[in-house]
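Colleague:
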Amino acid sequence: MENIYNAIKVSEHVYWVGAIDWTVRDFHGYTTPHGSTYNAYLVMAENITLIDTVKAPFLDEMMARIKSVVDPAKIKYIVSNHSEMDHSGCLPQAINLIKPEKVFASTVGAKTLKEHFHDISAIIPVKDGEVLSLGNMELRFMETRMIHWPDSMFSYLPADELLFSQDAFGMHLATLERFADEIPWATLEYEEATYYANIVLPYSPIVLKALQKLTATGWPIKIIAPDHGPIWRQDLDKILALYQKWATQMPEKKAVVVYATMWHSTEKMAEAIGEALAEAGIRVKLMSMNEFHRSEVVYEVLNAGALIVGSSTLNNNILPQMADVMTYLKGLKPANLIGAAFGSYGWSGEAVGDLQEILKAMKIEIVTEPVKVKNVPDEAVLLQCREMGKKVAAELKKRIGG
Amino acid sequence: MKKYVCGICGYVYDPAQGDPDNNVPKGTPFAELPADWTCPVCGAGKEEFTPE
Ligand SMILES: [Fe+2]
Ligand SMILES: [Fe+2]
Ligand SMILES: [Zn+2]
Numbered sequence: 083m084e085n086i087y088n089a090i091k092v093s094e095h096v097y098w099v100g101a102i103d104w105t106v107r108d109f110h111g112y113t114t115p116h117g118s119t120y121n122a123y124l125v126m127a128e129n130i131t132l133i134d135t136v137k138a139p140f141l142d143e144m145m146a147r148i149k150s151v152v153d154p155a156k157i158k159y160i161v162s163n164h165s166e167m168d169h170s171g172c173l174p175q176a177i178n179l180i181k182p183e184k185v186f187a188s189t190v191g192a193k194t195l196k197e198h199f200h201d202i203s204a205i206i207p208v209k210d211g212e213v214l215s216l217g218n219m220e221l222r223f224m225e226t227r228m229i230h231w232p233d234s235m236f237s238y239l240p241a242d243e244l245l246f247s248q249d250a251f252g253m254h255l256a257t258l259e260r261f262a263d264e265i266p267w268a269t270l271e272y273e274e275a276t277y278y279a280n281i282v283l284p285y286s287p288i289v290l291k292a293l294q295k296l297t298a299t300g301w302p303i304k305i306i307a308p309d310h311g312p313i314w315r316q317d318l319d320k321i322l323a324l325y326q327k328w329a330t331q332m333p334e335k336k337a338v339v340v341y342a343t344m345w346h347s348t349e350k351m352a353e354a355i356g357e358a359l360a361e362a363g364i365r366v367k368l369m370s371m372n373e374f375h376r377s378e379v380v381y382e383v384l385n386a387g388a389l390i391v392g393s394s395t396l397n398n399n400i401l402p403q404m405a406d407v408m409t410y411l412k413g414l415k416p417a418n419l420i421g422a423a424f425g426s427y428g429w430s431g432e433a434v435g436d437l438q439e440i441l442k443a444m445k446i447e448i449v450t451e452p453v454k455v456k457n458v459p460d461e462a463v464l465l466q467c468r469e470m471g472k473k474v475a476a477e478l479k480k481r482i483g484g
Numbered sequence: 004m005k006k007y008v009c010g011i012c013g014y015v016y017d018p019a020q021g022d023p024d025n026n027v028p029k030g031t032p033f034a035e036l037p038a039d040w041t042c043p044v045c046g047a048g049k050e051e052f053t054p055e
């Protein structure tokens, strides 16, 4: 009989046995308009090994794909490269169904899994650099703490020159194409950048070290198999170079103007700032938080050199949708930015000062005086906004040349 | 003695506590941690830490 779900062969010994989530739209605040996949992999070594599992509701799909290759009872080892629920959610159930001889995770992962699933069977911790024999081949481990959780690690299968990279080099994109080379590059670059900005960005200094460490291993890598989205078997140098570039956080001649407005006054100010920036040769993105989602903002900030923020004052505070995006951005720690703040108010006008304080807390260098206006901006105020745009443009060019 | 915060993960090194997981005894000031000491949570180096 024909199977409903099948595994996809990735390399000589490895099969993809994950799940496709066409409808997921939210990852703890990161919006995922194109769904995602949870990638699990089966290594058909002498000691058959399952690398990672899937989100809890997708257990049946994963088990069905495994069954299309081998009787799950024959799986000897399970390796958890990352403890987050989208990859470990069905681990306890999978352990019950498969009854593997051993389950492995990083030292931190072994503890974290115990904290997630209190009655899970013993997890064997593996150290950075440790090698696990799968009988006729080996699996090597490399800790990648904080990419993007303390438990995260890579596993490398020398036999197939294949790197299991968990969340690193992954993206939230649901497709039936299993390989990146079957998908247009522009789509890949956009989704990868969005994933990096929303998940990996705060750990950029660690990413730079991890990339060095990976190079230092001397491991020849032909395939990168992440835990989300398509598998890389071409353009590996391009994807590694993108990670290097984003982790370096080299600012470009680009400004993002993020604002929230009550009656379009703060919006008029944003437009005047944007016009002046563009005339000075800076790429500009205007993003009203009344319409945009925080995930789109951080995507735009990823390669920006300036972040200009505006808010009306509502009941002595910044607007809630501005507080939302500023909290999100602060946690994601974008670096090497200059900034400024602006906004309209009805009587008290605290929002602009509050925004400046947030910029300072984010270690963003404020390069010009704020522009504040009571009620609707007149031409004189809009000219001040244009001055703000010009000043930010000049400061940005000073810093990055050109 | 001053506490130091990891800029990557937010872990706070408290000299009064030391870092028992890495055999650093209580009462060790941050400056006296070995050069190759790393954050017990995320593995970041000393250079990622700032005074609290
Ligand atoms: Fe994750
Ligand atoms: Fe994930
Ligand atoms: Zn840390």
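Chains as they are written, first to last, in the working numbering: chain A, 83 to 484; chain B, 4 to 55.
Using N, Cα and C, we set each Cβ at its ideal position, and we do this for glycine too.
Since the structure is predicted, the reported quantities are computational estimates derived from the model, not experimental observations.
1. Report yes if the C-beta distance between A/V391 and A/L414 is below 8 Å; otherwise report no.
2. Any residue with its C-beta under 5 Å from a non-hydrogen atom of ligand 1 counts. Can you list them all in chain order?
3. Roughly how many whole angstroms lie between the Cα atoms of A/K209 and B/G46?
4. With A/S370 and A/E353 assumed to form a contact (beta carbons below 8 Å), what rounded beta-carbon distance in angstroms separates them?
5. Where are the alpha helix (DSSP H) runs, 4 residues long or more, that stay fully inside the region 284 to 359 of chain A, in chain order?
6. Quick check: the Cα distance between A/L478 and A/K367, rounded to an integer number of angstroms?
7. Just verifying my parser: in three-state terms, what is the DSSP assignment at A/L214?
8. Taking the alpha carbon of A/E94 as the reference point, which residue from A/M351, A/R227, A/Y123 and A/S118 has its own alpha carbon closest?
9. Would you list, in chain order, the members of the region 24 to 46 of chain B that have their beta-carbon closer than 8 Å to a beta-carbon of chain A?
10. What three-state label does DSSP hand A/P115 in the structure shown?
11. Hey, would you say A/H310 sits closer than 8 Å to A/Y159, going by beta carbons?
12. Give me, in chain order, the residues of the same chain whose beta-carbon lies closer than 8 Å to that of A/L180; leave out the 5 immediate sequence neighbours on both sides.
13. Return the first residue and the last residue of the beta strand (DSSP E) that A/W98 is part of.
14. Within 10 Å of its beta-carbon, does A/Q248 have 16 or more other beta-carbons around it, so buried, or fewer, so exposed?
15. Any idea what DSSP makes of A/K445, helix, strand or coil?
16. Using a C-beta to C-beta distance shorter than 9 Å, which residues of chain A count as neighbours of B/E51?
17. Give the straight-line distance between the Cα atoms of A/K137 and A/L216, rounded to the nearest whole angstrom.
18. Check whether the Cβ atoms of B/Y16 and B/F33 lie closer than 8 Å to each other.
19. Using DSSP bridges, identify the partner residues of A/P207.
20. Following the continuous beta strand (DSSP E) through A/A127, name the residue where it begins and the one where it ends.
21. For chain B, is any of its Cβ atoms less than 8 Å away from the one on A/P207?
22. Which residues end up in the neighbourhood of ligand 3 when you take C-beta atoms closer than 6 Å to any of its heavy atoms?
23. So is A/E225 in contact with chain B if we call contact Cβ pairs under 8 Å?
24. Following the continuous beta strand (DSSP E) through A/S165, name the residue where it begins and the one where it ends.
25. Establish whether the CB of A/P232 and some CB of chain E are separated by less than 8 Å.
26. How long is the line joining the alpha carbons of B/K6 and B/N26, rounded to whole angstroms?
27. Given that a residue counts as buried once 16 or more other Cβ atoms are within 10 Å of its Cβ, and exposed if not, what is A/G421?
28. Which word fits A/Q438, buried or exposed, when buried means at least 16 other C-beta atoms lie within 10 angstroms of its C-beta?
29. In angstroms with no decimal places, state the Cα-to-Cα distance between A/A127 and A/P266.
30. Quick one: what's got a C-beta closer than 7 Å to A/E432's C-beta in the same chain, skipping five residues either side?
31. Less than 7 Å between the CB of A/H95 and some heavy atom of ligand 2, yes or no?
Modeller: According to the data block:
1. no
2. Here the list is A/E166 and A/D249.
3. 13 Å
4. The Cβ separation is near 10 Å, so there is no contact.
5. 286 to 299 and 318 to 330
6. 15 Å
7. strand
8. A/Y123
9. V44, C45 and G46
10. coil
11. no
12. Note on residue identity: the sequence assigns Ile, not Leu, to residue 180 of chain A. Taken in chain order, the residues that qualify are L132, P154, A155, I157 and I160.
13. Boundaries of the beta strand (DSSP E) around A/W98: V96 to W98.
14. buried
15. coil
16. P287 and I288
17. 26 Å
18. yes
19. Answer is A/A187, bridged to A/P207.
20. First-last for A/A127: undefined, no H or E at that position.
21. False, the Cβ-Cβ gap to chain B never drops below 8 Å.
22. B/C9, B/I11, B/C12, B/Y14, B/C42, B/V44, B/C45 and B/A47
23. Contacts with chain B at 8 Å (Cβ-Cβ) include A/E225.
24. Segment: none, A/S165 is in no beta strand (DSSP E) and carries neither H nor E.
25. The displayed structure is made up of protein chains A and B, and chain E is not among them.
26. 18 Å
27. buried
28. buried
29. 33 Å
30. Contacts found: T395, N398 and N399.
31. no
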